[in-house]
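Notes to accompany the following structure.
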Amino acid sequence: MEKNLSAIGRLLLPLLIIGGLSGCGNIEPWVKPYERDRLADPIMALDSDPVSSAYLQHVYEAREGARGGEGAAGGGCGCN
Amino acid sequence: MTVLRGLLYASLLAAFGSAHAGVLPEDRADILYHLYDGGGVEIDGPSILVRKQVGKSLSFVANHYVDMVSSASIDVITTASPYTEERKQWSLGMDYLRGDTTMRIGYTSSDESDYDAETVNFSVSQDMFGALTTLTLSYALGDDIVRKSGDDTFEKFLDKQVYGVGLTQILTKNLIATLNFETMTDEGFLNNPYRTVRYLNASDVSGRGYSYEEELYPNTRTSNALGIRARYFLPYRAAIEGEYRYFTDTWDIDSHTASLSYVHPWGDFTFTGKFRYHDQTGAHFYSDLFPRAEATNFRGRDKELSELTSYTVKLKAAYTFLNEDQSWGFLKKGSVTASIDVLHVDYHEFSDLRELALIGEEPLYELDADIFQVFFSFWY
Chain A
1195 MEKNLSAIGR
1205 LLLPLLIIGG
1215 LSGCGNIEPW
1225 VKPYERDRLA
1235 DPIMALDSDP
1245 VSSAYLQHVY
1255 EAREGARGGE
1265 GAAGGGCGCN
Chain G
311 MTVLRGLLYA
321 SLLAAFGSAH
331 AGVLPEDRAD
341 ILYHLYDGGG
351 VEIDGPSILV
361 RKQVGKSLSF
371 VANHYVDMVS
381 SASIDVITTA
391 SPYTEERKQW
401 SLGMDYLRGD
411 TTMRIGYTSS
421 DESDYDAETV
431 NFSVSQDMFG
441 ALTTLTLSYA
451 LGDDIVRKSG
461 DDTFEKFLDK
471 QVYGVGLTQI
481 LTKNLIATLN
491 FETMTDEGFL
501 NNPYRTVRYL
511 NASDVSGRGY
521 SYEEELYPNT
531 RTSNALGIRA
541 RYFLPYRAAI
551 EGEYRYFTDT
561 WDIDSHTASL
571 SYVHPWGDFT
581 FTGKFRYHDQ
591 TGAHFYSDLF
601 PRAEATNFRG
611 RDKELSELTS
621 YTVKLKAAYT
631 FLNEDQSWGF
641 LKKGSVTASI
651 DVLHVDYHEF
661 SDLRELALIG
671 EEPLYELDAD
681 IFQVFFSFWY
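Protein sequence lines, in the order shown, are assigned to chains A and G. Numbering of the first sequence is given in this note's numbering, commencing with residue 1195 and proceeding in unit increments. Numbering of the second sequence is given in this note's numbering, commencing with residue 311 and proceeding in unit increments.
Right under this line is the structure:
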């Protein structure tokens, strides 16, 4: 029974988060679309070169004991 | 079951998509050459990525990546023989945009002579509050097969799952930040089948006072990582970025990783400098020298599981040789980028056994590596 409740909870949680936040859709954006020219500048891109950042992420995962928290990456090892 | 649950999330979350327009990633191709050179290991190869939008709501991406490895690392020198091998990786992905919701699905396959990995991943992103906020939920499932050269009967399995939640937030006209949390679970064969641990043995025939035996890792590992990143637009058109990640796992590895980057455009050039710092504790079953054979239930001497500190300095320069005023046919923009990352690792509990010294008093190992990348990028 507890397992079922836990599974239901795991299903409902993201729905509640998204649903709850969607319900706040009429919040006035405090940075208007026409004020985002600086944020749209290529130097402000959070991941300007995905092919390069994925490679470096792979290198760090092979050389260090930590992983994740930065985005998705592929499989394999090639790390000895 | 877990996959079904994940698919259910994706389909249910899609229902929340509204009529506002999100944005698909730009059509773009990258051709990259990478070279890692350090600690007796040389790994190089290409990575080619192509992304193309089809219609108004679909974008496809494909990546081919190769590692050509030539290894005479300290592990290899002290306990095995130098080797060469090749790893090939293929990835395919699709983004589907519906209103403010983007759904992504991807598949990755990686092949080595002794290691095969397959990963499926998908995520759902929702733009909210006039696209000030983007919330992303992601899930990945990996199936790995571990083999051992020279032993055709050796075949072990490893299952991986990654659950992620990400939040990207525009904070001001000049500041954007992201928060990412990932939980990863591994279940199966987590050892390296070739690596050994050393233990004190006064009667070892070599006379060096220690012997080697196979590693033995736990069959499960669960880790949590929380990363935060913020990028700020400086008044004279430059950008500064700070990043921090905390990591912890059931093997008792805790780490702190922080970096600071600076991006400075100058005409058709863009220069980037970055400093990265990483510090971690060691796994609870790690030891540089065990007191005897089979001393503990689990044992490992993988230097990456040792207590360590690493430092990286990055320099990167990009040159835009083609922009939208002078496009070539269907190509709108083109650039070439070169970068070097200089990595230094101090291992706090991993001895350099190449040095002659009294047992247990060998100097600690240090690694220096240079990581080169050169790539051409085209937008169309």
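For glycine and all other residues, C-beta sits at the position ideal for the given N, C-alpha and C.
Residue range of the unbroken alpha helix (DSSP H) whose run includes residue i
i          : result
ILE387(G)  : 384-389
ARG518(G)  : Segment: none, ARG518(G) is in no alpha helix (DSSP H) and carries neither H nor E.
GLU1264(A) : Per DSSP, GLU1264(A) belongs to no alpha helix (DSSP H) and is neither H nor E.
PRO1244(A) : 1244-1257
ASP1231(A) : 1231-1234
Below-8 Å beta-carbon distance, residue i vs any chain A residue
i         : result
LEU317(G) : Confidence in LEU317(G) is poor, its pLDDT being 36 and thus under 50, which makes the residue's placement unreliable; the coordinate value appears in the next sentence. It does not: the Cβ of LEU317(G) has no partner Cβ on chain A nearer than 8 Å.
GLN479(G) : no
MET494(G) : yes
TYR527(G) : no
PRO356(G) : no
LEU507(G) : The displayed chain sequence assigns Val, not Leu, to residue 507(G). False, the Cβ-Cβ gap to chain A never drops below 8 Å.
VAL294(G) : The structure shown does not extend to residue 294(G), since chain G is modelled only from 311 to 690, so the question has no answer here.
ALA331(G) : Caution applies to ALA331(G), whose pLDDT of 43 falls short of 50 and renders its modelled position unreliable; the model cannot decide the point.
THR537(G) : According to the sequence shown, residue 537(G) is Gly rather than Thr. It does: the Cβ of GLY537(G) has a partner Cβ on chain A nearer than 8 Å.
LEU346(G) : In the sequence under discussion, the amino acid at residue 346(G) is Tyr, which differs from the Leu named in the question. Yes - at least one Cβ of chain A is within 8 Å of the one on TYR346(G).
ASN633(G) : no
ILE415(G) : no
PHE685(G) : yes
ALA372(G) : no
Residue-level contact to chain G via CB, residue i, 8 Å cutoff
i          : result
TYR1249(A) : yes
ILE1260(A) : In the sequence under discussion, the amino acid at residue 1260(A) is Ala, which differs from the Ile named in the question. Interface residue, yes.
Segment limits, beta strand (DSSP E) that includes residue i
i         : result
ASP612(G) : Run containing ASP612(G): none; DSSP gives neither H nor E here.
GLU336(G) : Element bounds for GLU336(G): n/a, residue is neither H nor E.
PRO575(G) : 564-576
GLN471(G) : 461-482
GLU676(G) : 674-689
LEU485(G) : 485-498
TYR554(G) : 548-559
SER423(G) : That residue, SER423(G), is in no beta strand (DSSP E); it is neither H nor E in DSSP.
SER448(G) : 443-458
Contacts around residue i, its chain only, beta-carbon distance under 6 Å, and the 5 residues preceding and following it disregarded
i         : result
GLY355(G) : VAL376, ASP377 and MET378
THR488(G) : THR478 and ARG539
TYR572(G) : ILE550 and GLY583
GLU396(G) : MET378
GLN399(G) : TYR375 and SER420
ASN373(G) : LEU359 and SER401
THR418(G) : SER401 and THR429
THR567(G) : ARG555 and HIS588
ALA331(G) : Its pLDDT being 43, under 50, ALA331(G) is placed unreliably in this model, and the value from its coordinates should be taken loosely. So no residue of the chain qualifies.
Expected contact under 8 Å - CB spacing of residue i and residue j to nearest Å
i         : j          : result
SER649(G) : LYS626(G)  : 4 Å
TYR278(G) : ARG457(G)  : Since the first residue of chain G shown is 311 and the last is 690, residue 278(G) is not available in this structure.
HIS588(G) : GLU1258(A) : 6 Å
ALA603(G) : TYR346(G)  : With a Cβ gap of about 35 Å, ALA603(G) and TYR346(G) do not count as contacting.
ASN484(G) : TYR554(G)  : In fact, because the Cβ distance is near 20 Å, the residues do not count as touching under 8 Å.
ASN490(G) : GLU1264(A) : 7 Å
PHE581(G) : LEU526(G)  : About 48 Å; that fails the 8 Å criterion.
SER435(G) : LEU445(G)  : 7 Å
THR622(G) : ASP651(G)  : 5 Å
SER367(G) : ARG408(G)  : 6 Å
ASN349(G) : SER380(G)  : Just to set this straight, residue 349(G) is Gly in the shown sequence, not Asn. Not confirmed; about 12 Å, so no contact.
TYR522(G) : THR389(G)  : 6 Å
LYS613(G) : THR630(G)  : About 41 Å separates the two Cβ atoms, so there is no contact after all.
Own chain residues within Cβ distance below 8 Å of residue i, not counting five before or after
i         : result
THR591(G) : ASP562, ILE563, ASP564, SER565 and GLU617
LEU641(G) : LEU632, PHE688, TRP689 and TYR690
Own chain, CB closer than 7 Å to residue i, minus 5 neighbours either side, in chain order
i         : result
PRO335(G) : ARG361, SER369 and ASP405
For this session: Could you run through the segment 649-682 of chain G and flag, in chain order, every residue whose CB is less than 8 Å away from some CB of chain A?
Result: SER649, ASP651, LEU653, VAL655, LEU677, ALA679 and ILE681
For this session: With 8 Å as the C-beta to C-beta threshold (strictly closer), list the residues of the segment 439-455 of chain G near chain A in chain order.
Result: PHE439, GLY440, ALA441, LEU442, THR443, LEU445, LEU447, SER448, ALA450, GLY452 and ASP454
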